[in-house]
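Participant:
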Amino acid sequence: MSQFETTKDLLDYIDSIDELEYANDKNTDHFKISSIDQANYYVKKYKELEEECNNINQSAKDCLEEYSLKVDTWRENSINPIKNKMDYYRNLLEEYAHNQLDNSKKKSLKLIEGIISFRAQQPIINYDEETMINYLKEHNNNCLRTTFKVDKKELKSLGQIKDNNFYFNDQLLDFVNVENKEPTFSIK
Numbered sequence: 006m007s008q009f010e011t012t013k014d015l016l017d018y019i020d021s022i023d024e025l026e027y028a029n030d031k032n033t034d035h036f037k038i039s040s041i042d043q044a045n046y047y048v049k050k051y052k053e054l055e056e057e058c059n060n061i062n063q064s065a066k067d068c069l070e071e072y073s074l075k076v077d078t079w080r081e082n083s084i085n086p087i088k089n090k091m092d093y094y095r096n097l098l099e100e101y102a103h104n105q106l107d108n109s110k111k112k113s114l115k116l117i118e119g120i121i122s123f124r125a126q127q128p129i130i131n132y133d134e135e136t137m138i139n140y141l142k143e144h145n146n147n148c149l150r151t152t153f154k155v156d157k158k159e160l161k162s163l164g165q166i167k168d169n170n171f172y173f174n175d176q177l178l179d180f181v182n183v184e185n186k187e188p189t190f191s192i193k
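In the working numbering, the protein residues as written are 6 to 193.
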């Protein structure tokens, strides 16, 4: 009679031999599959290991997603109070700068820790694109690009803003709306 009484005994023996051989050296001669039962056993073991890898990957993915949410929440909870303080300080500094520069031509205050300043912003010129193109075709081609789009930079440099109206070649363009913007405040 054989050394192995059941197929299970054989499979357990194969497991123990393979684990020993795998642990000792991957390059030495190893067990060879000699029957369909052994092949089925290794397919089963392979699928179990594959499933284990899939479970590990899924667990890692789930943990990373959960951890990422925790990190995002932590970051938001840590940054929001700081941003609130920064906004508060900014408002205090802006009010102080307004008070100090109100009747002055200066736009900035130099402090030991930095500079607080106001910077004028360019007004926004709104107009109907097609109407402006047609007008510029007749009056000044320099502001038009070959694609017949308005060259806003050239238009601003050649035009004039008076009393919130836009004049081009000393002619009021009633289809243009001038929108003035508040100066921006900066801390450097």
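Heads up, the beta-carbon is just placed ideally off N, CA and C, and yes, glycines get one too.
Source: prediction; values computed, not measured.
1) For the 8 Å Cβ check, are there 3 or more pairs between the stretch 140–155 and the stretch 115–127?
2) If I follow the unbroken alpha helix (DSSP H) through Arg95, where does it start and stop?
3) Can you tell me whether DSSP reads Leu116 as helix, strand or coil?
4) Keeping to the same chain, check which residues put their C-beta closer than 6 Å to that of Phe123; ignore five residues upstream and five downstream.
5) Leu141 and Val155: beta carbons closer than 8 Å?
6) Let me know the secondary structure DSSP gives Glu184 once reduced to three states.
7) Specify whether the stretch 98–109 and the stretch 74–84 touch according to this definition: at least 3 beta carbon pairs, one from each stretch, less than 8 Å apart.
8) Quick check on Lys158: does DSSP put it in helix, strand or coil?
9) In the structure shown, what three-state DSSP assignment does Ile129 receive?
10) Quick one: residues in its chain with C-beta nearer than 8 Å to the C-beta of Tyr172, no 5 flanking neighbours on either side, listed in chain order?
11) Over what stretch of residues does the alpha helix (DSSP H) that includes Ile138 continue unbroken?
12) Closest to Leu97 by CA distance: which of Ser40, Thr78, Ile121 and Ile130 is it?
13) Below 8 Å on the Cβ atoms is my guess for Val183 versus Asn174; work out the distance and round it to an integer in Å.
14) Where does Met91 land, buried or exposed, given buried means 16+ other C-beta within 10 angstroms?
15) Going by other Cβ atoms of all chains shown within 10 Å of its Cβ, with 16 needed for buried, is Val181 buried or exposed?
16) Report the three-state DSSP secondary structure of Leu163 (helix, strand or coil).
17) Is Asn170 helix, strand or coil by DSSP?
Facilitator: On the basis of the supplied data:
1) The answer is no - the stretch 115–127 does not touch the stretch 140–155, with fewer than three Cβ pairs under 8 Å.
2) The residue you call residue 95 lines up with position 90 of the sequence shown. Where Arg95 is concerned, the enclosing alpha helix (DSSP H) stretches over Ile41 to Leu106.
3) Taking the first residue of the sequence shown as position 1, residue 116 is located at position 111. DSSP places Leu116 in coil when its eight states are reduced to three.
4) As a first step, residue 123 is located in the sequence shown; it is residue number 118 there, counting from the start. These residues qualify, in order along the chain: Lys112, Pro188 and Phe190.
5) Working through the sequence shown from its first residue, we reach residue 141 at position 136. Working through the sequence shown from its first residue, we reach residue 155 at position 150. Taking C-beta atoms as the reference points, Leu141 and Val155 count as a pair closer than 8 Å.
6) Locating residue 184 in the sequence shown gives position 179, where the first residue counts as 1. DSSP, read as helix, strand or coil, puts Glu184 in strand.
7) At 8 Å Cβ cutoff, the stretches do not touch.
8) Locating residue 158 in the sequence shown gives position 153, counting from the first residue. Lys158: helix per DSSP, three-state reduction.
9) Taking the sequence shown and counting its residues from 1, one reaches residue 129 at position 124. Ile129 falls in the strand class under three-state DSSP.
10) Your numbering for residue 172 matches position 167 in the sequence shown. The answer, listed in chain order, is Gly164, Gln165, Ile166 and Leu178.
11) For the purposes of this step, residue 138 is identified with residue 133 of the sequence shown, where counting begins at 1. In the DSSP assignment, Ile138 falls within the unbroken alpha helix (DSSP H) covering Glu134 to His144.
12) Residue 97 sits at position 92 when you count from the first residue of the sequence shown. Closest option to Leu97, judged by alpha-carbon separation, among Ser40, Thr78, Ile121 and Ile130: Ile121.
13) Position 178 of the sequence shown, counted from the start, is the residue given in the question as residue 183. Position 169 of the sequence shown, counted from the start, is the residue given in the question as residue 174. Not a contact, Cβ separation roughly 17 Å.
14) Locating residue 91 in the sequence shown gives position 86, counting from the first residue. So Met91 ends up on the exposed side.
15) Numbered from its first residue, the sequence shown carries residue 181 at position 176. Buried, since its Cβ has 16 or more Cβ neighbours within 10 Å.
16) As a first step, residue 163 must be located in the sequence shown, where it is residue number 158. Note: Leu163 maps to helix in three-state DSSP.
17) For the purposes of this step, residue 170 is taken as residue 165 along the sequence shown, with counting starting at 1. In the structure shown, Asn170 sits in a strand (DSSP, three-state: E or B).
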